[in-house]
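Undergrad: Protein chains in written order, with the numbering used here: chain V, 1 to 420; chain A, 1001 to 1420. The C-beta atom is built at its ideal place from N, Cα and C for all residues, glycine as well.
1. Quick one: give me the first and last residue of the alpha helix (DSSP H) that residue 1146/A is part of.
2. Using the C-alpha atoms, what's the distance from residue 1224/A back to residue 96/V?
3. Given that residue 247/V touches chain A, what residues does it touch there, using C-beta distances under 8 Å?
4. Answer with buried or exposed for residue 173/V, where buried requires no fewer than 16 other C-beta atoms within 10 angstroms of its C-beta.
5. With DSSP as the reference, label residue 206/V as helix, strand or coil.
6. Taking only the alpha-carbon atoms, compute the straight-line gap between residue 31/V and residue 119/V and give it to the nearest angstrom.
7. On a Cα-Cα basis, can you pick out the residue from 277/V, 25/V, 129/V that is closest to residue 424/V?
8. Can you pull the chain V residues whose beta carbon is under 7 Å from the beta carbon of residue 1254/A, in chain order?
9. Shorter than 7 Å from the beta carbon of residue 259/V to some beta carbon of chain A?
10. Just to make sure I have the definition right: I need the residues of chain A whose C-beta is within less than 9 Å of the C-beta of residue 250/V. Which are they?
11. Please work out which residues of its chain come closer than 6 Å, Cβ to Cβ, to residue 230/V, disregarding the five sequence neighbours upstream and downstream, and give them in chain order.
12. If we ignore side chains and look at the alpha-carbon of each, how far apart do residue 190/V and residue 279/V end up?
13. With 7 Å as the threshold, decide whether the Cβ of residue 1077/A is near any Cβ in chain V.
14. In chain order, what residues of the same chain lie with their CB nearer than 7 Å to the CB of residue 1074/A, ignoring the 5 residues before and after it?
15. Which chain B residues are close to residue 1338/A, counting only those with a beta carbon under 8 Å from its beta carbon?
16. For residue 335/V, report the span of its alpha helix (DSSP H) as first-last.
17. If we count the other Cβ atoms within 10 Å of its Cβ and call it buried at 16 or more, is residue 107/V buried or exposed?
18. Would you kindly work out how many angstroms separate the C-alpha atoms of residue 1100/A and residue 1399/A, rounded to a whole number?
19. With a threshold of 7 Å on Cβ separation, who are the neighbours of residue 337/V within its own chain once the five nearest residues in sequence on each side are excluded?
20. Go through its chain and collect everything with a Cβ distance to residue 210/V's Cβ below 6 Å, but skip five positions before and after it.
21. Could you check the C-alpha separation between residue 1411/A and residue 196/V for me, to the nearest Å?
22. Starting from the Cα of residue 343/V, find the closest Cα among 313/V, 319/V, 148/V, 381/V and give me that residue.
23. Below 7 Å CB to CB, which residues in the same chain sit around residue 1261/A once its five sequence neighbours on both sides are set aside?
24. Under a three-way DSSP split, which group does residue 1372/A fall into?
25. In or out: residue 171/V buried (at least 16 other Cβ within 10 Å) or exposed?
26. Would residue 387/V and residue 220/V be called neighbours here (beta carbons separated by less than 7 Å)?
27. Taking the straight line between their C-alpha atoms, what separation do you get for residue 198/V and residue 212/V?
28. Mind listing which residues of the region 276-290 of chain V have their C-beta closer than 7 Å to chain A's C-betas, in chain order?
29. Just to confirm before moving on: does the CB-CB distance between residue 1246/A and residue 1228/A stay below 7 Å?
30. Considering only residues of the same chain and omitting the five flanking positions on each side of residue 349/V, which have a CB-CB separation below 7 Å?
31. Could I get the ranges of all uninterrupted beta strand (DSSP E) runs contained in the region 1196-1251 of chain A, with 3 residues as the minimum, in chain order?
32. Taking all protein chains shown into account, decide if residue 1066/A is buried (16 or more other Cβ within 10 angstroms of its Cβ) or exposed.
33. Could you tell me whether any Cβ in chain A is nearer than 7 Å to the Cβ of residue 162/V?
34. Looking at the C-beta of residue 1373/A, does it have a partner C-beta in chain V at a distance below 7 Å?
35. Taking only beta-carbon positions, decide if residue 1376/A is within less than 7 Å of chain V.
36. Residue range of the alpha helix (DSSP H) that residue 1174/A falls in?
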């Protein structure tokens, strides 16, 4: 029976098969120096003719190009060989670009990367955005224009853009909700507003969700299956990757740990600044207030909020032996541990990454948190500090834009779990 | 270039393709009456010849069989037609069987199902297991023997067994840890201990994890992507399906909500019975103690613990207007709401299902919980009562055993996300 079935009868499926093979070769080529077909065959586990077919398709699509043994051009080394030089294939990383943008209450960071995910250029603007949403949008547009100009990349060569923002991003409308840190931002439709000046898809995502994507891509959580990123600054939120996938929640509201009630406090609506119960207890403002007095505040910087500077001063004072400051650090560590214990008991993640301004206090703070966590949980959780600092969100946006490009090029293959 | 690639050169991949097609036809056949090839073609989106090929393979493998228009045998109706009757194919649901077993502190429930997932027979044994693990194991073995005997199914026709147990199941050793409700159970290797008397793989899983699988398969959460099942009885635990997949956690310890500290209580080790802070506040024992006095307890039943009977009595008294009882119900609803709010803020699930003995209090309890949740969360969560009662774990075990059979028959296809 199986002999009766010819190629014409399994329409559609061999195309999927070719796409799976293409995706494997695509993945094996990207981010690596030029390779021979034999190497690609070993790396993908595909036969050499199958690799050759996939390479042909990728070259035709503009994703890959041939090069001789020594690089792009025919060189002396190549010519001195007897016979034809071995044919090498490489990914055309600069065939296109992606943009990752972080829009925050006191900074805009735009990162331009090539299709290998290599950062080509960055542009940062520190500011306190207290005005209208339009003002912020204008600043974002200007930042993009400046960045592309400096990098000499044409607007039409940007294939995908992802933007991180505070607040909840409503799918599918794309409207931003609940972003009290950016006045005038509520209800804004970022994808539409920025899409007009760009010529490619614009994806909008919560900033902490992008930060966890970045830590798993290039940060401290590479290869970790279930990781929670806790953004700890004036406010507190978490981004969740569960079983290798971003978990947004039913209404895009997963990870709202700042609103955890773990000490018998009043309900979430009672704070004028819109801070949640846990944020009020461990946010940057609570740290300096726990210290009782304000130790000498460091020089004001545009990229820091006053309460974050106060918190930094408290941590610095604790390191130099200030008893009140050390007590305050221990108090917030204990309170945060209570909040984290809920997260650990519920999810039992492989790793928790602490990021945001307060996490700059470093390992001593982490140790204090570990001590207070011990009686609250069953396992010794893996706690780590973010290594991407305040570029995590923009880098996560870059990864998201790259994923979008992949999905458009290889729509079926991207769904297969064995591909990154 | 693509013409140069013959079938021999893409070794392995066409087999995958055939497997994908087989899996689609398998899924379309199972649990349905006999179908024509044309119907299967429409249902699967595959061409008729591809369907015919897949059916041939499934028939050869013993999974499907041909039948004429009216059923298995050539009948009068079939013969009266002009020409050949249309060929029908059906899934051989009784080609094999699976067993789902729930082992609890006061019952053993074994459910035998065919490959369609249809329940063929059940056997239940109510008991208080206070002795050794070996005693429980002997009771389980006897229950299986009785069940298979009554159903006249041979031991070798059982293709897969899944077992639900309290406690944490250590992967890959399969040892059970932390199951204080079953004395003598700690460290037991269930798969090995039961495997000797069976002739198929035995899978061991936490009971609440199986309950959430069951609610999503045949209960109140069919088609729901992210669902949390809260088991509420003498103890409290949760099973999580996140993005259509069971989430066990790094050490198999996800969902331990009974240990949430949400009111400023002491650490988790301080309770002699091993109850967690939330369990101490809202578990069955806490309900009767909140009511102050013990209303008339219903007649003792072997399948209920005394504290669960007390809780039932409190709920019954509340319904008939007992003020103290009504106050107690509201108190525990408020406390549980605090615990649930942590779960809702962190995960933002599509649905929360309440099961276990206490949930038998029904909609009035659910309404009280909703009222107390409102000020603690941002969204109106979907709360539902379990519809599978205390058979949820055993049914989840049946589904797990069926999944195991599928994985062994169609190892690659089962990984594809578009297949159930």
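TA: According to the data block:
1. As a first step, residue 1146/A must be located in the second chain, where it is residue number 146. Residues 1133-1151.
2. Residue 96/V sits at position 96 when you count from the first residue of the first chain. Residue 1224/A sits at position 224 when you count from the first residue of the second chain. So the alpha carbons of these two residues sit roughly 39 Å apart.
3. Walking along the first chain from the start, residue 247/V turns up at place 247. Neighbours of residue 247/V on chain A, chain order: 1226, 1242, 1243, 1347.
4. Counting from 1 along the first chain, the entry for residue 173/V is found at position 173. Result: exposed.
5. As a first step, residue 206/V is located in the first chain; it is residue number 206 there, counting from the start. If DSSP states are grouped into helix, strand and coil, residue 206/V belongs with the strands.
6. Walking along the first chain from the start, residue 31/V turns up at place 31. Walking along the first chain from the start, residue 119/V turns up at place 119. For residue 31/V and residue 119/V, the distance between alpha carbons rounds to 12 Å.
7. Nothing in the structure corresponds to residue 424/V, since chain V is present only between 1 and 420.
8. Stepping through the second chain from its first residue, residue 1254/A is reached at position 254. Ordered by position in chain V, the residues that pass the 7 Å Cβ test against residue 1254/A are 346, 347, 348.
9. Numbered from 1 along the first chain, position 259 holds the residue referred to as residue 259/V. Output row for residue 259/V: interface = yes.
10. Along the first chain, one-based indexing puts residue 250/V at 250. Near residue 250/V (Cβ distances below 9 Å), the residues of chain A are 1225, 1226, 1347, 1348, 1349, 1350, 1351, 1379, 1381, 1382.
11. Translated into the one-based positions of the first chain, residue 230/V becomes position 230. Same-chain partners within the cutoff: 238, 354.
12. Here residue 190/V refers to the residue found at position 190 of the first chain. Here residue 279/V refers to the residue found at position 279 of the first chain. If you take the alpha carbons of residue 190/V and residue 279/V, they lie about 27 Å apart.
13. Mapped onto the second chain, residue 1077/A falls at position 77. Note that residue 1077/A scores a pLDDT of 47, beneath 50, so its modelled location is shaky; the value from the coordinates is reported in the next line. No, no contact with chain V.
14. As a position in the second chain, residue 1074/A is number 74, starting the count at 1. Summary for residue 1074/A: the model assigns pLDDT 45, below 50, so the residue's position carries little reliability, and this model does not support an answer.
15. The question asks about chain B, but that chain is absent: this structure's protein chains are V and A.
16. Residue 335/V sits at position 335 when you count from the first residue of the first chain. Where residue 335/V is concerned, the enclosing alpha helix (DSSP H) stretches over 323-347.
17. For the purposes of this step, residue 107/V is taken as the residue at position 107 of the first chain. Classification for residue 107/V: buried.
18. The residue you call residue 1100/A lines up with position 100 of the second chain. The residue you call residue 1399/A lines up with position 399 of the second chain. Rounded to whole angstroms, residue 1100/A to residue 1399/A spans 8 Å at the Cα level.
19. If you number the first chain from 1, residue 337/V lands on position 337. Only 369, 372, 373, 376 meet the Cβ criterion.
20. As a position in the first chain, residue 210/V is number 210, starting the count at 1. Closer than 6 Å at Cβ, skipping near neighbours: 164, 393, 396, 397.
21. The residue given as residue 1411/A occupies position 411 in the second chain. The residue given as residue 196/V occupies position 196 in the first chain. The alpha-carbon atoms of residue 1411/A and residue 196/V are separated by roughly 47 Å.
22. Position 343 of the first chain, counted from the start, is the residue given in the question as residue 343/V. The candidate whose alpha carbon is nearest that of residue 343/V is 381/V.
23. The sequence position of residue 1261/A within the second chain is 261, counting from 1. Closer than 7 Å at the Cβ level, and outside the excluded window around residue 1261/A, lie 1277.
24. Here residue 1372/A is taken as the residue at index 372 of the second chain, counted from 1. Three-state DSSP puts residue 1372/A in a helix.
25. Position 171 of the first chain holds residue 171/V. With fewer than 16 other Cβ atoms within 10 Å, it is exposed.
26. The residue given as residue 387/V occupies position 387 in the first chain. The residue given as residue 220/V occupies position 220 in the first chain. Contact flag set, yes.
27. Numbered from 1 along the first chain, position 198 holds the residue referred to as residue 198/V. Numbered from 1 along the first chain, position 212 holds the residue referred to as residue 212/V. Going by the C-alpha atoms only, they are around 26 Å apart.
28. none
29. Here residue 1246/A corresponds to residue number 246 of the second chain, with the count starting at 1. Here residue 1228/A corresponds to residue number 228 of the second chain, with the count starting at 1. Not a contact, by the Cβ cut-off of 7 Å.
30. Taking the first residue of the first chain as position 1, residue 349/V is located at position 349. The residues are 226, 227, 228.
31. 1202-1206, 1227-1232, 1236-1242, 1245-1247
32. Taking the first residue of the second chain as 1, we reach residue 1066/A at position 66. Label assigned to residue 1066/A: exposed.
33. Position 162 of the first chain, counted from the first residue, corresponds to residue 162/V. It does not: the Cβ of residue 162/V has no partner Cβ on chain A nearer than 7 Å.
34. Along the second chain, one-based indexing puts residue 1373/A at 373. No, residue 1373/A lies away from the interface with chain V (no Cβ there is under 7 Å from its Cβ).
35. Mapped onto the second chain, residue 1376/A falls at position 376. By this cut-off, residue 1376/A is an interface position.
36. Position 174 of the second chain, counted from the start, is the residue given in the question as residue 1174/A. Residue 1174/A -> no alpha helix (DSSP H), and no H or E assigned at all.
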